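Report on the following structure.
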Amino acid sequence: MKKKNNKLWDFFTSVKLALFCFFTLAIASILGTFIPQNESPDAYIQRYGAKTAEIFRLLDITDMYNSWWFISLLSLFSINLIVCSIDRLPTVWKLVTMDNLATKVDRLAKMATRMRFSSSKPVQDVVTGVEQTLKSSGWKPSRRDVEGGTLLFAQKTPWVRFGVYIVHLSILVIFAGAIIGSLFGSKGSIMVREKTYTPYYFEWGSPEKVPLGFDLRVDNFSLTYYDTGTPKEFRSDLVVIDDGQEVLRKSIVVNDPLDYKGYTFYQASYQAYDEYLVTIQNQNNGASKIFLAQPGKELKWHEAGINFGIINLLPPDPWGRYRLKIWFADNKGDPSVFWLDGETSVTVERPDNAYVFKSKQMFATGLQVAKDPGVWPVYIGCILMLLGLVVAFFLSHKRLWVYIYNEESKTKFLVAGSSNKNKVGFQNMFDTLIEKFEEDETLQLSKE
Amino acid sequence: MDSSKLLGITTFIYLFSSVVYLALFIFRMKKLGLLATVITIIGLLVQTAGIGMRWLESYQMGIGHAPLSNMYESLVFFSWSIVLLYLVIEFIYKNKIIGAFAVPFAFASMAYASLSTEFSSRINPLVPALQSNWLIAHVFTCFIGYAAFAVACGTGIMYLVKLRDKGDSPDSLLATLPPLKVIDDITHKIILFGFIWLSGGIISGAVWANSAWGTYWSWDPKETWSLITWFIYASALHARFTRGWGGKRIAWISILGFMAVIFTYYGVNFLLSGLHSYGAS
Ligand code: HEM
């Protein structure tokens, strides 16, 4: 073949190159774990001095995993993998699809795993008997008449020879996913205050607003704590509004994001404000309204003739518990002054009405925004890899030949087999099969 | 009986079991064989009960989660996996000498978990980022892989020890070790086994990261080190499969690989900074 003489081709098929790639990728990666990545230029000058910092900058060591040389190394690795697989696949293909009944019988006599017998029965009877036994042991024998006798062949799982190639392909699929992600994906974040919505987000490292193409509203953010004071849950109630229609509602927590139109919104952070959402409900007619109240500022509900304000507060403790002192007037009688205890509601009796007060601290939720069309290829690659590894490591291609022929008017019987892996396991299986043949009365075998 | 008592007892049983396996090897006291196995099985049962109790206790405290959520719990699980894996190998290969090279790892891990002051054995509630089934899958798969690599490191050391056997006397200490070819084969098989679990561990970690942060791979030091470890074992597989490496070199790679495992697992938390705040508690 022509390509066999091609130096470049040889270079890319060599497993030596693969070992070189493993080695250099490992060393380079180590470097990147010891030198902090993506910090500000000043941070490097401070830590390593101006000269070293300059060398880092020239070699892109401060953003190493995205540097031209690291990407080149990964490309070299991929080309190596592709060329090596293309080079070997035809051979494997032949091995899997070959006509094993064309195997020369003198090769059988040289196989490491083999056994000879003779029988007093005619060849035809022995062939039928052997076929029966093979079938009952889960083999599917095929048969062909060859010089001097009959050759039977059976094999199990020839396709496992592709296992290694599935693993190699899976790596390329994962790389493809990563490339798709970096070309067509986008990562960013956005802070949204409760009861407001956002039509855009900010891409990382950029001050530009990127439009989402729909609105994302935050109805509520809540924060709960364990008794120890460590956070237990961050939860945002999100609503997607597309074309003026409410199309999706989901309450997201860390580890359980919301997906819509290729975007995924993750609970990432939050910000607490010194402001409170106060809900007032008129018990007589059920009307209610939500106010954003800042301590010390008076608020008005004109239609209801209500004035109120927060006149004092005990700010949130480490468990998020706070108290608000409310001043409230509705033009009838003296104003009421009372405490609102965190988020528990309080009913205020007035001369000819009653109002229910409820409050909650005002938050903005920090959402991480990701659009990565490469995730599915990556996941498919991962599944392929695990399947391929199991196939490549634990399954073997087993082959079995039985040659039954007539020699000096006696029936002779030669069994031979081979397996590409787990030779010990194969030998045990072979021995069990031989025992079955020996026990079979109709075959009348005797050892040679 | 509470879980910490059971796990404390486990530490002592594994110490005892390590001593018996070593005696079996060094003083060639074949009669101790059955004892060693029985002790180890008892140790494993006590530890299993301890892990189970701990799981239950976390539910009784109202913060129920699988006992795989911090450094202490992962060390306990690491030790559990080593012993389970070793017992399977002992059963398959009918050889008890390997125990002298494997069970001490399980003891060391338990001793370190209970004695070290760096991390507490308290059952703590999970912060939001750790509340994920992918975390459980991630720790489970990683540590089975790590346990396999610990055992492979043990058999690798065993191989290097056996190399000093000049074969001059059939009753010498080293002559009792299995033949080189057998040790080499065991090491290789365990590495294959570990490699699959490590791959699964890296993948489940990536899936977890993607569900929590929207990025399946961010080159944080811990991720990167697990990839380095993976590269080391991948190169061992290729060197063996296509260049016929074996024996001494694979033995050394099994040791080097395990050092990378320890660094990934332990060194990164203390020497480098990253996302895996999990390990610091
Ligand atoms: C991280 C990347 C890689 C992984 C995870 C990987 C995985 C594997 C696995 C699991 C095997 C089977 C080994 C066994 O059965 O014991 C294998 C075999 C092999 N690999 Fe890779 N591989 C990778 C990269 C490469 C590269 C870059 C090359 C380029 C030449 C390569 C060439 C080979 C060859 C030639 C074989 C033997 C195939 C055969 O003839 O059966 N591998 N690989």
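Each protein sequence line maps, in turn, to chains S and B. If you're matching positions, the first sequence starts at 8 in the working numbering and goes up one per residue. If you're matching positions, the second sequence starts at 1352 in the working numbering and goes up one per residue. Virtual Cβ for every residue (Gly too), placed ideally from N, Cα, C. Keep in mind the model is a prediction, meaning the values are calculated, not measured.
- Remark: three or more beta-carbon pairs, one from each stretch, lie closer than 8 Å, so the stretch 24 to 42 of chain S and the stretch 67 to 85 of chain S are flagged as touching.
- Within a 10 Å sphere around the beta-carbon of S/R54 sit fewer than 16 other beta-carbons, which makes this residue exposed.
- Exposure of S/W76 is indicated by the presence of fewer than 16 other C-beta atoms within 10 angstroms of its C-beta.
- The DSSP-derived three-state label of S/S425 is strand.
- For S/E138, the enclosing alpha helix (DSSP H) begins and ends at V130 to S143.
- Under the 8 Å criterion on CB atoms, B/V1502 is classed as non-interfacial with respect to chain S.
- Straight-line measurement puts the Cα of S/T449 at about 7 Å from the Cα of S/G136.
- Following the DSSP letters along the chain, one finds S/R150 inside the beta strand (DSSP E) bounded by residues S149 to V153.
- Counting other Cβ atoms within 10 Å of its Cβ, B/S1562 reaches 16 or more and is therefore classed as buried.
- Neighbours of B/W1576 in chain S, taken as residues at a C-beta separation under 7 Å, are given in chain order as T40.
- Of B/I1440, B/S1471, B/S1586 and B/S1432, the smallest CA-CA separation from B/M1422 is found for B/S1471.
- For S/T449, there is no enclosing beta strand (DSSP E), since its DSSP letter is neither H nor E.
- S/S85 sits away from B/I1579, with the two beta carbons spaced by 8 Å or more.
- For a Cβ distance threshold of 8 Å, nothing in chain S lies close to B/G1552: the least Cβ distance comes to about 11 Å.
- When only Cα atoms are considered, S/T140 and S/S425 end up about 19 Å apart.
- The DSSP assignment places 1383 to 1411 as complete runs of the alpha helix (DSSP H) inside the stretch 1358 to 1436 of chain B, in order along the chain (cut-off: 4 residues).
- In the displayed model, S/Q375 falls within a strand according to three-state DSSP.
- Against chain B, a Cβ distance below 8 Å from S/Q375 picks out W1564 and G1565.
- At least one C-beta of chain S is nearer than 8 Å to the C-beta of B/R1594.
- Here DSSP, grouped into helix, strand and coil, assigns S/G156 to strand.
- Looking at the backbone, the Cα of B/E1424 and that of B/A1585 are separated by about 28 Å.
- From the beta-carbon of S/E240, the residues of chain B found nearer than 7 Å are P1479.
- The beta carbon of S/A60 sits no closer than 8 Å to any beta carbon of chain B.
- Residue-level contact by beta carbon fails for B/P1530 and chain S, as no gap is shorter than 8 Å.
- Comparing C-alpha distances from S/W100 to each of S/T203, S/G432 and S/W166 shows the shortest one belongs to S/W166.
- Of the candidates S/S177, S/K428 and S/K117, S/S177 places its Cα closest to the Cα of S/I390.
- When the alpha-carbon of S/L96 is set against those of S/F169, S/L108 and S/S126, the nearest one is in S/F169.
- Excluding the 5 residues flanking it on each side, S/A377 has same chain C-beta neighbours closer than 6 Å at K194 and T271, in chain order.
- For S/V261, the nearest beta carbon of chain B is closer than 8 Å to its own beta carbon.
- Under the three-state reduction of DSSP output, S/S352 falls in the coil class, being neither helix nor strand.
- The beta-carbon of S/V180 is placed no less than 8 Å from the nearest beta-carbon of chain B.
- Chain B has a Cβ within less than 8 Å of the Cβ of S/Y72.
- Within its own chain, the residues whose Cβ lies closer than 6 Å to the Cβ of S/W408, once the five positions on either side in sequence are excluded, are L115, F160 and A423, listed in chain order.
- Taking the CA atoms as reference points, B/L1481 sits about 14 Å from S/P264.
- In the three-state DSSP reduction, S/D222 falls in the strand class (E or B).
- Buried is the label assigned to B/A1602, since at least 16 other Cβ atoms lie within 10 Å of its Cβ.
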